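Residue numbers (UniProt numbering): 1 to 200.
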(Lines of atoms letter the chains of each structure in order from A and count residues from 1; the text may use other names and numbers.)
(Lines give C-alpha, C1' and ligand atoms only; values in the text may rest on other atoms or scores of the structure.)
Protein backbone atom coordinates (compact mmCIF):
# COMPACT_ATOMS: atom_id res chain seq x y z
CA UNK A 1 0.00 0.00 0.00
CA UNK A 2 1.32 3.54 -0.73
CA UNK A 3 0.89 4.63 2.89
CA UNK A 4 2.59 1.56 4.40
CA UNK A 5 5.93 3.37 4.63
CA UNK A 6 4.31 6.32 6.40
CA UNK A 7 2.69 4.02 8.96
CA UNK A 8 6.04 2.33 9.59
CA UNK A 9 7.73 5.67 10.18
CA UNK A 10 4.91 6.69 12.50
CA UNK A 11 5.36 3.57 14.65
CA UNK A 12 9.11 4.24 14.77
CA UNK A 13 8.47 7.78 15.91
CA UNK A 14 6.11 6.57 18.67
CA UNK A 15 8.77 4.20 19.96
CA UNK A 16 11.29 7.08 19.91
CA UNK A 17 9.15 9.34 22.13
CA UNK A 18 10.81 10.18 25.46
CA UNK A 19 9.66 8.48 28.66
CA UNK A 20 8.07 10.41 31.52
CA UNK A 21 11.42 10.52 33.31
CA UNK A 22 13.13 11.95 30.22
CA UNK A 23 10.45 14.61 29.87
CA UNK A 24 10.87 15.69 33.51
CA UNK A 25 14.65 15.95 33.08
CA UNK A 26 14.23 18.01 29.91
CA UNK A 27 11.69 20.29 31.60
CA UNK A 28 14.00 20.82 34.58
CA UNK A 29 16.91 21.57 32.26
CA UNK A 30 14.90 24.32 30.53
CA UNK A 31 13.13 25.85 33.53
CA UNK A 32 15.77 25.91 36.30
CA UNK A 33 18.21 28.24 34.50
CA UNK A 34 15.36 30.66 33.81
CA UNK A 35 14.37 30.67 37.51
CA UNK A 36 17.85 31.44 38.78
CA UNK A 37 18.45 34.00 36.01
CA UNK A 38 21.22 32.12 34.19
CA UNK A 39 21.29 31.87 30.41
CA UNK A 40 22.41 28.50 29.01
CA UNK A 41 23.80 30.11 25.89
CA UNK A 42 25.87 32.71 27.79
CA UNK A 43 28.87 32.24 30.11
CA UNK A 44 28.54 33.02 33.81
CA UNK A 45 31.45 35.45 33.74
CA UNK A 46 30.79 38.98 32.45
CA UNK A 47 32.30 40.00 29.13
CA UNK A 48 34.39 43.01 30.08
CA UNK A 49 35.19 43.73 26.45
CA UNK A 50 31.51 44.52 25.81
CA UNK A 51 31.45 46.80 28.87
CA UNK A 52 34.43 48.76 27.57
CA UNK A 53 33.12 49.41 24.05
CA UNK A 54 34.04 52.83 22.72
CA UNK A 55 31.64 55.67 22.03
CA UNK A 56 32.43 55.38 18.33
CA UNK A 57 31.33 51.74 18.32
CA UNK A 58 28.11 52.63 20.10
CA UNK A 59 27.43 55.35 17.54
CA UNK A 60 27.97 52.91 14.69
CA UNK A 61 25.60 50.38 16.28
CA UNK A 62 22.98 53.08 16.76
CA UNK A 63 23.30 54.01 13.09
CA UNK A 64 22.95 50.37 12.03
CA UNK A 65 20.04 49.84 14.39
CA UNK A 66 17.73 51.62 11.95
CA UNK A 67 19.03 49.77 8.88
CA UNK A 68 15.93 48.70 6.97
CA UNK A 69 15.82 46.77 3.77
CA UNK A 70 14.50 48.81 0.85
CA UNK A 71 13.40 46.83 -2.20
CA UNK A 72 14.17 49.63 -4.63
CA UNK A 73 17.59 50.40 -6.07
CA UNK A 74 18.62 53.94 -5.20
CA UNK A 75 21.33 53.96 -7.90
CA UNK A 76 19.03 52.79 -10.69
CA UNK A 77 16.32 55.17 -9.50
CA UNK A 78 18.87 57.97 -9.75
CA UNK A 79 19.69 56.96 -13.33
CA UNK A 80 15.98 56.86 -14.23
CA UNK A 81 15.49 60.28 -12.63
CA UNK A 82 18.34 61.78 -14.62
CA UNK A 83 16.94 60.38 -17.87
CA UNK A 84 13.49 61.82 -17.13
CA UNK A 85 14.91 65.22 -16.17
CA UNK A 86 17.26 65.35 -19.17
CA UNK A 87 14.98 64.11 -21.95
CA UNK A 88 11.35 64.08 -20.84
CA UNK A 89 10.95 67.11 -18.60
CA UNK A 90 12.24 69.70 -21.14
CA UNK A 91 9.89 68.29 -23.79
CA UNK A 92 6.91 68.33 -21.41
CA UNK A 93 7.63 71.92 -20.35
CA UNK A 94 8.18 73.08 -23.92
CA UNK A 95 4.95 71.52 -25.15
CA UNK A 96 3.12 72.60 -21.97
CA UNK A 97 1.96 69.10 -21.20
CA UNK A 98 0.81 68.08 -17.74
CA UNK A 99 1.79 64.62 -16.50
CA UNK A 100 -1.09 63.02 -14.53
CA UNK A 101 -0.33 62.37 -10.88
CA UNK A 102 -1.10 58.67 -11.30
CA UNK A 103 1.52 58.42 -14.06
CA UNK A 104 4.65 56.55 -12.98
CA UNK A 105 6.76 59.27 -14.60
CA UNK A 106 5.27 61.97 -12.36
CA UNK A 107 7.79 63.46 -9.88
CA UNK A 108 5.58 62.35 -6.99
CA UNK A 109 6.16 58.72 -8.06
CA UNK A 110 9.84 58.95 -7.12
CA UNK A 111 10.46 57.07 -3.86
CA UNK A 112 13.77 58.84 -3.19
CA UNK A 113 12.80 62.18 -4.73
CA UNK A 114 12.40 64.10 -1.48
CA UNK A 115 15.65 62.72 -0.06
CA UNK A 116 17.50 63.74 -3.22
CA UNK A 117 16.25 67.29 -2.70
CA UNK A 118 17.69 67.20 0.82
CA UNK A 119 21.25 66.50 -0.34
CA UNK A 120 23.63 69.43 0.07
CA UNK A 121 27.09 69.23 -1.49
CA UNK A 122 29.28 71.68 0.39
CA UNK A 123 32.56 70.61 -1.22
CA UNK A 124 34.08 67.86 -3.35
CA UNK A 125 34.35 65.55 -0.32
CA UNK A 126 31.66 67.02 1.91
CA UNK A 127 27.98 66.21 1.70
CA UNK A 128 25.35 67.31 4.19
CA UNK A 129 21.98 65.86 5.13
CA UNK A 130 19.29 68.49 4.68
CA UNK A 131 17.16 66.90 7.38
CA UNK A 132 19.56 66.75 10.32
CA UNK A 133 22.60 68.72 8.97
CA UNK A 134 24.98 65.80 9.53
CA UNK A 135 28.01 65.83 7.21
CA UNK A 136 29.57 62.98 5.22
CA UNK A 137 32.65 62.44 3.08
CA UNK A 138 30.75 61.16 0.05
CA UNK A 139 27.29 60.88 -1.46
CA UNK A 140 27.41 57.11 -0.92
CA UNK A 141 27.70 57.56 2.87
CA UNK A 142 24.89 60.10 2.77
CA UNK A 143 22.69 57.59 0.93
CA UNK A 144 23.39 55.00 3.65
CA UNK A 145 22.54 57.61 6.27
CA UNK A 146 19.19 58.22 4.57
CA UNK A 147 18.50 54.46 4.58
CA UNK A 148 19.42 54.15 8.27
CA UNK A 149 18.14 57.34 9.86
CA UNK A 150 15.41 58.74 7.60
CA UNK A 151 13.81 55.53 6.41
CA UNK A 152 10.51 56.65 7.96
CA UNK A 153 10.28 59.53 5.46
CA UNK A 154 9.98 57.20 2.46
CA UNK A 155 6.57 56.68 0.90
CA UNK A 156 6.25 53.01 -0.07
CA UNK A 157 3.06 53.44 -2.07
CA UNK A 158 2.66 51.11 -5.03
CA UNK A 159 4.54 52.25 -8.12
CA UNK A 160 6.88 54.60 -6.28
CA UNK A 161 10.13 52.96 -7.44
CA UNK A 162 11.61 54.64 -10.52
CA UNK A 163 14.13 51.79 -10.85
CA UNK A 164 11.26 49.62 -12.10
CA UNK A 165 11.18 51.78 -15.24
CA UNK A 166 14.83 51.21 -16.10
CA UNK A 167 14.00 48.57 -18.68
CA UNK A 168 11.95 51.04 -20.70
CA UNK A 169 14.30 53.96 -20.04
CA UNK A 170 17.50 52.02 -20.90
CA UNK A 171 19.22 53.01 -17.66
CA UNK A 172 22.16 50.65 -18.19
CA UNK A 173 23.03 52.23 -21.54
CA UNK A 174 22.65 55.70 -20.02
CA UNK A 175 25.01 54.86 -17.14
CA UNK A 176 27.60 53.32 -19.49
CA UNK A 177 27.49 56.38 -21.72
CA UNK A 178 28.29 58.56 -18.69
CA UNK A 179 31.39 56.56 -17.79
CA UNK A 180 34.51 58.71 -18.15
CA UNK A 181 36.44 57.98 -21.31
CA UNK A 182 40.08 57.07 -20.87
CA UNK A 183 42.26 59.94 -22.06
CA UNK A 184 44.80 59.26 -24.76
CA UNK A 185 48.34 58.83 -23.50
CA UNK A 186 50.65 60.40 -26.14
CA UNK A 187 53.66 58.37 -25.04
CA UNK A 188 51.74 55.10 -25.20
CA UNK A 189 50.28 56.06 -28.57
CA UNK A 190 53.75 56.81 -29.99
CA UNK A 191 55.08 53.51 -28.66
CA UNK A 192 52.19 51.55 -30.15
CA UNK A 193 52.68 53.33 -33.49
CA UNK A 194 56.37 52.43 -33.48
CA UNK A 195 55.56 48.78 -32.77
CA UNK A 196 53.10 48.74 -35.66
CA UNK A 197 55.65 50.28 -38.05
CA UNK A 198 58.28 47.74 -37.01
CA UNK A 199 55.88 44.83 -37.38
CA UNK A 200 54.80 45.83 -40.87
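For each residue, glycine too, the CB sits at the ideal point set by N, CA and C.
None of these values were measured; they are calculated from a predicted model.
Per-residue burial, residue i [other beta carbons within 10 Å of its own, 16 or more giving buried]
i	result
residue 143	buried
residue 101	exposed
residue 166	buried
residue 153	exposed
residue 74	buried
Enclosing beta strand (DSSP E) for residue i [first to last residue]
i	result
residue 114	Here residue 114 belongs to no beta strand (DSSP E); instead the alpha helix (DSSP H) covers 113-117.
residue 126	126-129
Limits of the alpha helix (DSSP H) - the one that residue i falls within
i	result
residue 77	74-83
residue 166	166-169
Alpha-carbon spacing of residue i relative to residue j, whole angstroms
i	j	result
residue 108	residue 114	9 Å
residue 137	residue 151	20 Å
residue 118	residue 192	49 Å
residue 188	residue 178	25 Å
Close Cβ partners of residue i (< 7 Å) along its chain, the five nearest in sequence each way excluded
i	result
residue 146	115
residue 213	The structure shown does not extend to residue 213, since the chain spans only 1 to 200, so no value can be given for it.
Same chain, Cβ closer than 6 Å to residue i, neighbours up to 5 away in sequence not counted
i	result
residue 79	171, 174 and 175
residue 121	127
Contact test: residue i Cβ vs the ligand FMN heavy atom, cutoff 7 Å
i	result
residue 186	As far as ligands go, the structure on display features none, and thus does not contain the ligand FMN.
Same chain only: Cβ atoms within 8 Å of residue i, ignoring 5 sequence neighbours per side
i	result
residue 159	104 and 109
residue 141	127
Check whether residue i and residue j have beta carbons under 8 Å apart
i	j	result
residue 169	residue 99	no
residue 77	residue 129	no
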